[in-house]
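Start counting the sequence shown at 1449; every next residue gets the next number (the numbering used here).
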Amino acid sequence: MNRLVGVFLFTLFSYLLWLYLASNHSTPDDWWTVKYIRETHTEDNDIKVIPHHFSTSSIKVLIGSGVFILLGTLLSIFVREKTKN
């Protein structure tokens, strides 16, 4: 049981660390970031990028959350199988 708690805590803190780094210490060019650049469209359909205006993408946060839930589930299954033997 202690190993399952350890897997849960490891997964939780890894997720929180990823979320903090991906939202605060990354650029939109990084593959692991959750930021996207806000754009505006002018009247003649030109795209104008507003500098230093980044938003957090809720889709990327949901995908990342799903990945960490899957990772935690797989690790807990592996730990359970290891303790049964």
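Virtual Cβ for every residue (Gly too), placed ideally from N, Cα, C.
Task: Residue range of the unbroken alpha helix (DSSP H) whose run includes T1481 - done: One-based indexing of the sequence shown puts residue 1481 at position 33. Run containing T1481: none; DSSP gives neither H nor E here.
TODO: With a 10 Å radius around its C-beta and 16 neighbouring C-beta atoms as the bar for buried, classify V1515 as buried or exposed.
DONE: The count along the sequence shown starts at 1 and reaches residue 1515 at position 67. Result: exposed.
Task: Neighbourhood of R1451 by C-beta distance below 6 Å, restricted to the same chain and skipping five residues each side - done: Counting from 1 along the sequence shown, the entry for residue 1451 is found at position 3. Same-chain partners within the cutoff: V1527.
Task: Cα-Cα separation, K1532 to V1509 - done: Numbered from its first residue, the sequence shown carries residue 1532 at position 84. Numbered from its first residue, the sequence shown carries residue 1509 at position 61. C-alpha separation (whole angstroms): 35 Å.
Task: Counted within 10 angstroms of its Cβ, other Cβ atoms place V1453 as buried (16 or more) or exposed - done: Along the sequence shown, read from residue 1 onward, the residue named residue 1453 stands at position 5. Exposed is the call here.
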